[in-house]
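Numbering (the numbering used here), first residue to last: 15 to 239. Data first, discussion second: the structure below is written as structure tokens.
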């Protein structure tokens, strides 16, 4: 199959475009409350790992906007089985009525969701938009996207250049790990927890000294054996 010459030929056209924020809220009664992955932001994951796409739309009381009149989309060029060329395209997100919430001010939040499975390693971008009639509201300004770094899965014995310094950085590392390496998340959270035993016996060594890492040690480079 020949890939299109214009990678953005599928970009939606003939819409009144706006950016989510105070103006879209006051004019149309619609704004993006949150997105997953967060936009702007960064995400790193191996090939073949599903990326969950979620967008929460908030509608203003008094505008009488029903979810059936809204559609939510992810705009991305992630290569997948149904997009081998990596063409920019929209992925439709489906409304999840179980997540609908009305807050104390009478504003209603609706969640739309879908997913995509990357099939090639590359650095991709993604963002989201909402369509309401002829209005298209973007989650963010042009090119302020989520950067998705899809890579080949590391083999056993791979050396990771992980900078681990003060306890605050250790906590951040522990929290970041779940998105891409569940095993290593458990490993680091155990290793750097103040309330758990050291897991250095599992084979973690400082790459420079060759010594096993003990609980509380600061290391510049960690080798998982």
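From the three backbone atoms N, C-alpha and C, an ideal C-beta is built for every residue, glycine too. A quick note: this is a predicted structure, and the numbers were derived from the prediction, not measured.
Assigned secondary structure, residue i (DSSP; H/G/I helix, E/B strand, else coil)
| i | result |
| --- | --- |
| residue 36 | helix |
| residue 193 | The predicted position of residue 193 is uncertain, since its pLDDT is 48 and thus under 50; a value taken from the coordinates is nonetheless stated next. DSSP places residue 193 in helix when its eight states are reduced to three. |
| residue 116 | strand |
| residue 29 | coil |
| residue 22 | coil |
| residue 91 | coil |
| residue 98 | coil |
| residue 217 | Any reading at residue 217 needs caution, since the residue's pLDDT is 44, under 50, leaving its predicted position unreliable; the model's value is listed next. Correct three-state label for residue 217: coil. |
| residue 111 | strand |
| residue 232 | Here residue 232 scores only 49 on pLDDT, less than 50, and its place in the model is too uncertain to base an answer on. |
| residue 206 | Confidence at residue 206 is low in this model, with a pLDDT of 44, below 50, so its placement is unreliable and the value that follows should be read with caution. Residue state, collapsed to three classes: coil. |
Paired residues, beta bridge with residue i - DSSP
| i | result |
| --- | --- |
| residue 144 | 86, 151 |
| residue 163 | 58, 137 |
| residue 72 | 45, 123 |
| residue 129 | 66 |
| residue 79 | BP columns for residue 79 are empty, so no partner. |
Beta-carbon spacing of residue i, residue j below 8 Å
| i | j | result |
| --- | --- | --- |
| residue 92 | residue 53 | no |
| residue 67 | residue 107 | yes |
| residue 146 | residue 42 | yes |
| residue 80 | residue 144 | no |
| residue 94 | residue 51 | no |
| residue 151 | residue 38 | yes |
| residue 142 | residue 89 | yes |
| residue 18 | residue 113 | no |
| residue 105 | residue 128 | yes |
| residue 69 | residue 126 | yes |
| residue 166 | residue 44 | no |
| residue 158 | residue 65 | no |
Three Cβ pairs or more, each shorter than 8 Å: is that satisfied between the region 132 to 140 and the region 18 to 35? Fewer than three beta-carbon pairs drawn from the region 132 to 140 and the region 18 to 35 are found closer than 8 Å, and the two stretches are therefore not classed as touching.
Stretch pair the region 111 to 126 + the region 69 to 80: three plus CB contacts closer than 8 Å: Yes: the two stretches touch, three or more of their Cβ pairs being nearer than 8 Å.
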